[in-house]
Amino acid sequence: MQDNLAVRDDVPTHSFDIYSEPSIKVDVHESFRALQQAAPPLFWTPENGGHWIVTSSDMMIDLLRKPNVFSNQNFSIPHVENVPKTIPLSLDPPEHRPYRQLLRPFFEKKAMAPLEERIQHWADRLIGGVKAGGECEFVDAVGSRFPVSVFMEMLGLPLERFEEFRALVSENFELAGTDGVAAVQMKIVAILAEFVKERQANPQEDMMSHIIRSDVDGRELSFEELLSIAHLLFLAGLDTVVNALSFGMKHLAGDAALQQRIINDPGCIPDVTEELLRRYSFINLPRFIAEDTELGGQHLKQGEMIICPLAMIGWDEKLNDDPMAVSVDRKNYRHGAFGSGIHTCLGLHLARMELH
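Numbering (this note's numbering), first residue to last: 136 to 491.
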């Protein structure tokens with residue numbers, strides 16, 4: 136989409152459609168790598184209503200640590216007014232902190248430790264289901280089922296509705312940036328509203344029930360707040376690890392040497408996980424520019440949108456030598472797979488446990 140409102144003649148411009156650039160359909164990481172090499176470190180694209188794209192890791196880290204300027208209150212591209220809030224992701228300081236503090240204990244390492252047995256159960260069950268055949272379509276048979284099963288059980292969502300939930304999440308992300316996504320979001324919210332009301336009436340020992348029993352600054356959470364939190368957890372828990380598993384497995388399928396190394400030394404798996412997260416990070420974080428500001432020598436206007444392809448942090452040669460190579464012999468794995476600043480992913484410990 137391009138119109139006069141999308142054009143800025145006073146800044147570096149490079150046309151790139153984050154949703155439908157043809158090269159993305161072939162290899163999303165190669166597409167963004169080519170963009171990083173061809174475009175300025177900060178530029179304006181007229182696509183999707185017009186927005187900024189930053190390809191410099193230094194600028195990304197800088198802006199992600201300034202939430203009052205680069206706000207999370209609206210992360211829709213093309214920009215849509217009055218989008219529903221997802222707590223605490225779409226809150227900025229000072230509103231953000233009490234909700235983050237409420238949820239943080241549920242995702243700390245010590246809270247995740249008891250889940251290891253159930254995570255192993257689901258991994259064994261799904262892998263066991265395809266092992267005899269000697270091959271499978273990984274995303275359908277394992278990748279899209281494993282983290283979804285774990286998260287639904289943890290949150291308290293009914294596992295008998297697994298296929299319905301998985302289909303809704305897939306549809307939600309496939310329709311991102313189109314008018315059709317609103318109808319999918321309404322379906323998801325309706326299901327979650329029913330779920331939250333049921334847990335309010337009949338609390339169990341799952342995460343949602345514990346969140347309902349929690350408080351913010353000494354008061355109970357409202358139904359609207361609980362629904363917003365459930366919506367965020369639903370989308371985050373049922374998509375991100377699927378992507379991480381899928382990109383990692385795609386690499387392993389073509390890297391016989393790394394496969395053999397894992398077989399010979401399973402103790403290297405945490406390093407393999409971190410390196411694959413670094414090389415194949417996949418989150419593109421949008422931010423709403425809350426006030427006129429300067430970044431990279433450019434004037435950014437209040438109300439504009441900017442997007443950060445986080446994979447590019449891990450591809451920075453200043454942070455990682457030979458960054459496009461996959462190596463488990465690095466001393467450090469510097470990347471932005473889980474974001475940076477106050478909105479760093481709460482579920483990073485759960486994600487790493489599942490990926491290991």
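Just so it is clear, CB atoms sit at the ideal spot from N, CA and C, and this is done for glycine as well.
Note that the coordinates shown come from a computational prediction; the quantities given were computed from them, not determined experimentally.
Cβ-based burial, residue i [other Cβ within 10 Å; buried from 16]
{"i": "GLN437", "result": "exposed"}
{"i": "LEU294", "result": "exposed"}
{"i": "THR180", "result": "buried"}
{"i": "ALA446", "result": "buried"}
{"i": "THR479", "result": "exposed"}
{"i": "ALA267", "result": "exposed"}
{"i": "ALA486", "result": "buried"}
{"i": "ARG334", "result": "buried"}
{"i": "MET136", "result": "Confidence is the limiting factor: at MET136 the pLDDT is only 38, short of 50, which leaves the residue's position unreliable and the question unanswerable from this model."}
{"i": "ILE433", "result": "The sequence given here places Gln at residue 433; Ile does not occur at that position. So GLN433 ends up on the buried side."}
{"i": "MET440", "result": "buried"}
{"i": "PRO219", "result": "exposed"}
{"i": "ASN307", "result": "buried"}
{"i": "ASP138", "result": "For ASP138, the pLDDT reaches just 44, beneath the cut-off of 50, and the residue's location in the model is therefore unreliable, although a value from the coordinates is still provided. By the 10 Å Cβ count, ASP138 comes out exposed."}
{"i": "ARG413", "result": "buried"}
{"i": "ASN378", "result": "buried"}
{"i": "SER155", "result": "exposed"}
{"i": "ASN183", "result": "buried"}
Terminal residues of the beta strand (DSSP E) in which residue i lies
{"i": "TRP187", "result": "186-189"}
{"i": "ARG396", "result": "Unbroken run through ARG396 is the alpha helix (DSSP H), 391-399; no beta strand (DSSP E)."}
{"i": "PHE178", "result": "177-180"}
Simplified DSSP assignment, three categories, for residue i
{"i": "ASP350", "result": "strand"}
{"i": "VAL433", "result": "For the record, residue 433 in the displayed sequence is Gln; it is not Val. The answer is strand: DSSP assigns GLN433 an E or B state."}
{"i": "CYS443", "result": "strand"}
{"i": "PRO202", "result": "coil"}
{"i": "ASN419", "result": "strand"}
{"i": "ILE424", "result": "strand"}
{"i": "THR375", "result": "helix"}
{"i": "GLU216", "result": "coil"}
{"i": "THR221", "result": "coil"}
{"i": "GLN137", "result": "Unreliable placement is indicated for GLN137, whose pLDDT of 39 sits below 50; the coordinate value is still reported in the next sentence. Here GLN137 sits in coil by DSSP."}
{"i": "THR132", "result": "Not covered by the structure: residue 132. The range shown for the chain is 136 to 491."}
{"i": "GLU489", "result": "helix"}
{"i": "GLU409", "result": "helix"}
{"i": "GLU340", "result": "coil"}
{"i": "GLU355", "result": "strand"}
{"i": "LEU361", "result": "helix"}
{"i": "SER279", "result": "coil"}
{"i": "ASN183", "result": "helix"}
{"i": "SER192", "result": "helix"}
{"i": "SER104", "result": "The structure shown does not extend to residue 104, since the chain is modelled only from 136 to 491, so the question has no answer here."}
{"i": "LYS385", "result": "helix"}
Residues near residue i by beta carbon distance below 8 Å, same chain, minus five either side
{"i": "ARG301", "result": "SER279, ARG280, VAL283 and LEU373"}
{"i": "SER158", "result": "GLU165, SER166 and ALA169"}
{"i": "LEU290", "result": "ASP341, MET342, MET343, ALA365, LEU368, PHE369 and GLY372"}
{"i": "ASP197", "result": "LEU430"}
{"i": "LYS322", "result": "LEU303"}
Cβ neighbours of residue i in the same chain (closer than 7 Å, five flanking residues each side left out)
{"i": "LEU481", "result": "LEU238, ARG239 and PHE242"}
{"i": "HIS231", "result": "PRO223 and ILE477"}
{"i": "ASN203", "result": "ASP227, PRO228 and ALA425"}
{"i": "ASP152", "result": "GLU182 and ASN183"}
Rounded separation between residue i and residue j - CA only
{"i": "HIS149", "j": "LEU435", "result": "16 Å"}
{"i": "PHE286", "j": "GLY185", "result": "35 Å"}
{"i": "VAL215", "j": "ILE254", "result": "38 Å"}
{"i": "PHE369", "j": "ARG348", "result": "19 Å"}
{"i": "SER363", "j": "ASN399", "result": "45 Å"}
{"i": "PHE417", "j": "VAL189", "result": "15 Å"}
{"i": "LYS201", "j": "SER191", "result": "16 Å"}
{"i": "ASP144", "j": "PHE297", "result": "49 Å"}
{"i": "THR428", "j": "GLY264", "result": "54 Å"}
{"i": "ASN467", "j": "ILE346", "result": "35 Å"}
{"i": "ALA331", "j": "ARG354", "result": "In the sequence as presented, Ala is not what sits at residue 331; that position holds Val. About 18 Å."}
{"i": "ARG469", "j": "ILE404", "result": "17 Å"}
{"i": "HIS386", "j": "VAL407", "result": "11 Å"}
{"i": "TRP450", "j": "ALA248", "result": "31 Å"}
{"i": "VAL274", "j": "GLN394", "result": "18 Å"}
{"i": "LYS245", "j": "MET488", "result": "12 Å"}
N- and C-terminal bounds of the alpha helix (DSSP H) containing residue i
{"i": "MET459", "result": "It is not in any alpha helix (DSSP H) - MET459 carries neither H nor E in the DSSP assignment."}
{"i": "TRP450", "result": "It is not in any alpha helix (DSSP H) - TRP450 carries neither H nor E in the DSSP assignment."}
{"i": "PHE473", "result": "Premise fails: PHE473 is in no alpha helix (DSSP H) and is neither H nor E."}
{"i": "ILE153", "result": "Unbroken run through ILE153: none, as it is neither H nor E."}
{"i": "GLY291", "result": "Careful: GLY291 lies outside any alpha helix (DSSP H) and carries neither H nor E."}
{"i": "LYS332", "result": "316-336"}
{"i": "ARG253", "result": "251-266"}
{"i": "LEU303", "result": "297-309"}
{"i": "PHE241", "result": "231-242"}
Neighbourhood of residue i by C-beta distance below 6 Å, restricted to the same chain and skipping five residues each side
{"i": "GLY383", "result": "LEU411"}
{"i": "ILE262", "result": "none"}
{"i": "ASN419", "result": "ILE442 and PRO444"}
{"i": "ALA141", "result": "PRO181, GLY184 and GLY185"}
{"i": "SER225", "result": "ASN207 and GLN208"}
Cutoff 8 Å: residue i Cβ touching any chain D Cβ
{"i": "LEU199", "result": "Considering every chain present, this structure includes no chain D. It has just one protein chain."}
heavy atom of the ligand PLP below 7 Å from residue i C-beta
{"i": "ASN467", "result": "Because no ligand of any kind appears in the structure shown, any question about the ligand PLP cannot be addressed here."}
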